[in-house]
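The working numbering applies: residue 12 is where the sequence shown begins, and numbers increase by one. Read the structure below first, then the notes.
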Amino acid sequence: MKIAGSTALVTGANRGFGRHLAAELVSRGATVYAGARNPESIDLPGVTPVRLDITDPASVAAAAELAHDVNLLINNAGSGTGADLLDADLDPIRLELETHFFGTLSMVRAFTPVIAGNGGGSILNVHSVLSWLHPADSGAYNAGKAAEWALTNAVRGPLAERNIRVVGLHVGYMDTDMTAHITAPKSDPADIARITLDAVEADAYEIVADDISRQVQAGLSGGIAALYPQLP
Numbered sequence: 012m013k014i015a016g017s018t019a020l021v022t023g024a025n026r027g028f029g030r031h032l033a034a035e036l037v038s039r040g041a042t043v044y045a046g047a048r049n050p051e052s053i054d055l056p057g058v059t060p061v062r063l064d065i066t067d068p069a070s071v072a073a074a075a076e077l078a079h080d081v082n083l084l085i086n087n088a089g090s091g092t093g094a095d096l097l098d099a100d101l102d103p104i105r106l107e108l109e110t111h112f113f114g115t116l117s118m119v120r121a122f123t124p125v126i127a128g129n130g131g132g133s134i135l136n137v138h139s140v141l142s143w144l145h146p147a148d149s150g151a152y153n154a155g156k157a158a159e160w161a162l163t164n165a166v167r168g169p170l171a172e173r174n175i176r177v178v179g180l181h182v183g184y185m186d187t188d189m190t191a192h193i194t195a196p197k198s199d200p201a202d203i204a205r206i207t208l209d210a211v212e213a214d215a216y217e218i219v220a221d222d223i224s225r226q227v228q229a230g231l232s233g234g235i236a237a238l239y240p241q242l243p
């Protein structure tokens, strides 16, 4: 995958990590569609704003028709309700699944024929270290990201047969609006954008972008005791 000369669509590109990804793509010579529910909020020079709500099938279909020359799809749009699984209303829990799983799946399904018709390319799904590690206070978000990780793994083989490489990014907290209330260490999203696109160009299937994600990935083989040492 060569970024220069590619045509990319980034969901959730009006702020946060999505905006950094879009900016990095432009700087590397890509043509960029920047998707957002409110395209008027996109202030990044050099991109084409696209009205896109990934939880709305009609919006997804319209974006696929408009951005018919895409060969790199970046599924970055997300939600962060902060809902836990035991006590929260079901509506915010459903929103996390609608966004991270069904929304991502809708984008993959809509853009698979587009990318295949353009000779192949890549799909990047933005996961999280919380795809693997699931603290109770962010249970709904964890569930959505874990489901998205499963989605990525499930479609990777079938889409490889259509010359589409499916890439998953795992990363911890980044310094964005969504994590402004969190005091834990955070990565610079501009740095993660560069690491991510370098890996896409290197044809990686999985990107583990920071130390915390590498530590958690290594702990997966240790089972529950390694991941949740606080349990009795």
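All C-beta atoms, glycine included, are put in the ideal place defined by N, C-alpha and C.
Nearest C-alpha to A47 among T110, T22, L55 and T115: T22. In this structure P196 is not in contact with G27, their Cβ atoms being roughly 17 Å apart against a cut-off of 8 Å.
Residue S133 holds the alpha-carbon nearest to the alpha-carbon of A210 among Y239, S133 and A165.
Of the candidates M118, A94 and A121, the residue whose Cα lies closest to the Cα of E107 is A94.
The Cβ atoms of S198 and D221 lie closer than 8 Å to each other. Residues of the same chain with a CB within less than 6 Å of the CB of I206, apart from the 5 flanking positions on each side, are A220 in chain order. Here T115 really is in contact with E159; their C-beta atoms are around 5 Å apart, less than 8 Å. For I218, no alpha helix (DSSP H) encloses it; the enclosing beta strand (DSSP E) starts and ends at E217 to V219. For V58 and D102, the gap between their C-alpha atoms comes out near 34 Å. In chain order, R173, N174 and I175 place their CB closer than 8 Å to the CB of A127, counting only its own chain and leaving out the 5 sequence neighbours on each side.
H31 sits close to A204, with the two beta carbons spaced by under 8 Å. By the beta-carbon neighbour count (other beta carbons within 10 angstroms, threshold 16), I235 is exposed. Bounds of any beta strand (DSSP E) do not take in V81, whose DSSP letter is neither H nor E. Counting along the chain, V119 sits inside the alpha helix (DSSP H) bounded by residues T115 to G128. Per the coordinates, the alpha-carbon of A157 lies some 7 Å from the alpha-carbon of L141.
For V227, the uninterrupted alpha helix (DSSP H) run begins and ends at D222 to G230, by DSSP.
Beta-bridge partners of H181 (DSSP): V219. Partner residues in the beta bridge of V61, as assigned by DSSP, are G46.
As for any beta strand (DSSP E) of minimum length 3 sitting wholly inside the region 125–163, the runs are 132–137, ordered along the chain. A Cβ-Cβ distance of about 6 Å is found for the pair A151 and L96, placing them in contact under the 8 Å criterion. Under the three-state reduction of DSSP output, S52 falls in the helix class.
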